[in-house]
Amino acid sequence: MKNSILLFKSTQPSTLESVRILRQSLSKILDHLDIKADIKQYCLLCCSEWCTNIIQHSTPASNEISVSLRKSKNKWLLVIQDSGGPWNPLVQQPAFNINKNILKGGGYGLHIINTLADKTYYQSLPTHNIFTIVWERDTHRIKPHILLVEDQKSQRELFHSYIKEIFTVSLVSNGKQALAFLKTETVDLIISDIQMPEMNGIELRQQLEKIKSFSIPFIFLSQSEDETVLNNAVNLGIDDYLKKPIQKEQLLNSIHRVLARFNQVFHAISQQVNQKITHTLLPQINLNSKHWQLAFQQRNTGRGGGDFVLSTRNNGVTQLLIADVMGHDESAKFFSYAYAGYIRGLMQNTNITKPAKLLTKLSDNAYRDQLLSQTMLTGCCLSFLNSNTITLSCAGHPYPIHIHHKKLCPIKVEGTLPGLLPHTEYESSSITFKKNERLVLVTDGLFESGNTITERETLERAIKKHLIMTANLPLNVALEKIMQVFDSLAGTPPNDDALLLIIEKK
């Protein structure tokens, strides 16, 4: 669990009802993470299996079960802790009934877990046991998702072979299957044959047009010479029409052209809205101090989510909160505006000066609020207690970094993402700074904007190296040099929003 970020943690009594609550809370956060659908289901199933078997078979019995979810640069970690008798699943064989193909009670669900997990680790300590289940993170840039609708198997496989290396492709054989698929899945483009049994391409498009929110670009394929068919397709407002037989280059050019045009129009409309309200996410920092100075820069992808910084002063204490709203689509940008406005109001209209208490208040309200509970954010809150002391609390956020003696020391303060549980308590840590020592706060995009694990590790090493190299430079100069390194390695725009804030003790 070294160098991993806590996203979720909940401790419950050892009852079967608690397993349901833990699974429900875990599912809520998994829905908002950039995680493959199959890994999500594996995670939920492994959680249920292991917790249920602890409750039913642990000797002596466990009084409580704690479930946490963490992420590192390249892994998802499900950590389950219990206070029952030790039982190492890595050295014991599960009881397996071959004839009935089910696990007996003594199997503890191990066959299922070992099949679904990439790795597992078990540790028994004097007071508790820890079982860690690990999956690799897919850190490559997300490919556009295409739904290919074609009834002829040979044609379906041919077109799939044309595009599968560049795009994520789902295959169905008629319009009815496509409609059923789209009820639960989202795609960036539909490529559909026209002549198909049960529901043809024209009928599919007509059914989708009845959905007011439908805005997916559409390419028709056909070998028909009938002008009526072509006119019907054109009248439906499709984006392109390709006549069979179709060559690979022809299909790829059409896809790239349609997606580019759709994105241009979509972003133009979004930009009109963003320009009117983007000021909501601009950093709002008011730090007039003779003891501290700070500087920050941020980069954004131009769409989705959002990083922001807010500050307020209550009862002589200045508070600062840095937040990262999850999501990469345009709806996530809206939730960023909503969260920023809400948190600003919360900070300005409460007398809370302790970061842990503010995060608890934020989490409780987000849990109850129907709008805010639709998305997730990470956060780090700090209070300037006096001339040399800062108190910090984090919620699913990267560790703050203390720079002193030319070393980077992570401040390992962590907590569950806000809004997952009805009442979440947060820990805090107080750090005393000497003259010219620095505190670094980041959002995860600063280190995770590479396309691959190697690129991310290179980016993180380079930024950390320059944090040390620039420690003796004026704050704004140091910040500029560090962000130049980020821009050169992450590209413009980066894959994820990124924010770097540095505080220095004068």
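Everything in the sequence shown is counted per full-length UniProt numbering, starting at 1 for the first residue and increasing by one.
Where is the CB? At the ideal position from N, CA and C, for every residue including glycine.
Note that the structure is a prediction, hence the values are computed from the model and not measured.
Collapsing the DSSP output to three states places residue 32 in coil. Nearest to residue 360 by C-alpha distance, out of 390, 373, 311, 423, is 423. Per DSSP, reduced to three states, the secondary structure at residue 471 is coil, with no helix or strand assignment. Counting along the chain, the unbroken alpha helix (DSSP H) around residue 44 starts and ends at 37–57. Leaving aside the five residues that flank residue 29 on each side, the residues in its chain whose CB is nearer than 8 Å to its CB run, in chain order, 7, 8, 69, 376, 417, 420.
Annotated three-state conformation of residue 64 is strand, per DSSP. When C-beta atoms of the stretch 177–196 are compared with those of the stretch 149–164, three or more pairs fall below 8 Å, so the two segments count as touching. Cα atoms of residue 497 and residue 389: separation of roughly 29 Å, rounded to the nearest angstrom. Here DSSP, grouped into helix, strand and coil, assigns residue 115 to helix.
Note on residue 409: under 16 other CB atoms within 10 angstroms of its CB, so exposed under the neighbour-count rule. For residue 313, the three-state secondary structure derived from DSSP is strand. Closest option to residue 126, judged by alpha-carbon separation, among 162, 118, 349, 84: 84. For residue 146, the enclosing beta strand (DSSP E) begins and ends at 145–149.
Under the rule that a run must span 3 or more residues, the beta strand (DSSP E) segments found entirely inside the stretch 405–476 read 407–410, 429–432, 438–442. Going by beta carbons, residue 19 and residue 51 fall inside the 8 Å limit. When only Cα atoms are considered, residue 121 and residue 58 end up about 18 Å apart.
Membership of residue 201 in the alpha helix (DSSP H) is indicated by the continuous run 201–209. According to the DSSP assignment, residue 360 belongs to the alpha helix (DSSP H) that extends over 355–368. The beta carbon of residue 162 lies closer than 6 Å to those of 248, 251 in the same chain, with the five residues before and after it left out. Selection 380, 387, 434 evaluated against residue 411 yields 380 as nearest (Cα-Cα). The alpha-carbon separation between residue 155 and residue 211 amounts to approximately 29 Å. Nearest neighbour of residue 60 by Cα position, chosen from 307, 14, 49, 110, turns out to be 14. In the DSSP assignment, residue 157 falls outside any beta strand (DSSP E) and within the unbroken alpha helix (DSSP H) covering 153–163.
Per the DSSP secondary-structure output, residue 222 pairs in a beta bridge with 243. By the CB criterion at 8 Å, residue 383 and residue 317 fall inside the cutoff.
For residue 179, the enclosing alpha helix (DSSP H) stretches over residues 175–182.
Taken atom to atom, the span from the alpha-carbon of residue 35 to that of residue 396 is near 16 Å. The beta-bridge partner set that DSSP reports for residue 499 consists of 298. By the Cβ neighbour-count rule, residue 477 is exposed, with fewer than 16 other Cβ atoms within 10 Å of its own. Setting aside the 5 residues that flank it on each side, residue 323 is surrounded in the same chain by 308, 377, 379, each with a C-beta closer than 6 Å to its C-beta; the list follows chain order.
Annotated three-state conformation of residue 482 is helix, per DSSP.
The alpha carbon of residue 74 has as its nearest neighbour, out of 53, 3, 86, the alpha carbon of 3. Note on residue 438: 16 or more other CB atoms within 10 angstroms of its CB, so buried under the neighbour-count rule.
Assignment of residue 122 by DSSP, reduced to helix, strand and coil, places it in the strand class. For residue 253, the three-state secondary structure derived from DSSP is helix. Closest in C-alpha terms to residue 135, from the list 502, 37, 393, comes 37.
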